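Below: one structure, written as structure tokens.
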Amino acid sequence: MKMMQSGFLCGAVLLLAACGFNEPASRGLTDPVPLNLAGPAATAQAEAETVLALPRFAVRSIQVRAPRELSVSEANSYKPRADIVWRGDAFGNRHAQVEAIALAGASLGTEEMQAGVPVDLEIELRRFHALTEKARYSAPFGTEFEFEAIVTLRDAETGAMIGAPRYVKRDFPAASGREALAEEARGITQKTVITQNFGQMIRDELSRPIWMTAEEFAALSAVPAPESPAL
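As numbered in the working numbering, residues 3 to 233 make up the sequence shown, in order.
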């Protein structure tokens with residue numbers, strides 16, 4: 003069956019769900035949706051019999067890495083041209099500092115992800131832009147925190163990759179000028195806001211449907227659902 007347009011694809015998904023696609027009773031997936039793609043224009047992904055699924059994850063460990071080749075700027079301009087801009091800690095190893103912030107954020111964002119497929123989460127930072135002193139205190143408006151990362155999930159038992167690595171890019175509003183001063187008076191620092199926002203970014207990403215091979219889908223479907231606590 004060929005997919006003629008996106009609207010037809012949506013209908014096919016609903017039809018499969020309505021017809022009672024057979025799923026194992028115990029699984030680590032939330033409403034997995036299989037899409038059998040075929041036809042002369044089928045991609046390599048389709049030829050590998052991929053499915054689109056929405057797994058639930060139990061995050062067992064988190065690793066964050068900021069490759070040392072990422073550039074760092076200490077220039078006090080509005081927006082330095084560099085991969086890492088961070089001034090919320092004393093001058094030092096900026097790579098290690100942003101790794102610690104991202105780890106704290108990812109831990110916060112996944113702290114409630116304790117039911118589902120046991121996974122190890124790997125995050126490779128590609129861009130981490132906070133505000134310089136100049137932007138923080140003199141920019142009138144329109145300032146942002148900018149993040150880019152590669153997110154990879156691995157089966158906590160086998161180490162096998164779950165789906166493909168995901169490129170994640172997110173910009174968040176950042177307080178500046180009087181608003182920044184008001185936040186700091188309440189104990190809200192750049193680190194506070196970035197930790198929360200980075201955690202939200204990771205939580206959102208792990209809540210999105212992902213493509214996986216039929217083999218991966220079958221393996222995840224076999225994961226027993228977590229036991230309910232005894233009453």
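Built from N, CA and C at the ideal position, the CB exists for glycine as well.
If you're wondering where the values come from, they're calculated on a predicted model, not measured in any experiment.
- About 5 angstroms separates the beta carbon of Met115 from that of Phe59, a gap short enough to meet the 8 angstroms contact definition.
- Here the alpha carbons of Glu159 and Val170 stand approximately 25 angstroms from one another.
- In the three-state DSSP reduction, Met203 falls in the helix class (H, G or I).
- In its chain, beyond the 5 residues on either side, Pro57, Val119, Val121, Leu155, Arg156, Asp157, Ile212, Met214, Glu218, Leu222 have a beta carbon closer than 8 angstroms to the beta carbon of Ile164.
- Residues His97, Val100, Glu101, Leu127 of the same chain have their beta carbon placed closer than 6 angstroms to that of Ala68, with the five preceding and five following residues left out of the count.
- Between the alpha carbons of Glu150 and Ala132 lies a gap of roughly 12 angstroms.
- Bridge partners of Trp88 according to DSSP: none are assigned.
- For a cut-off of 8 angstroms, the C-beta gap from Glu51 to Ala182 is around 52 angstroms, too long to register as a contact.
- One thing to note: Leu72 has its Cβ no nearer than 7 angstroms to the Cβ of Asp91.
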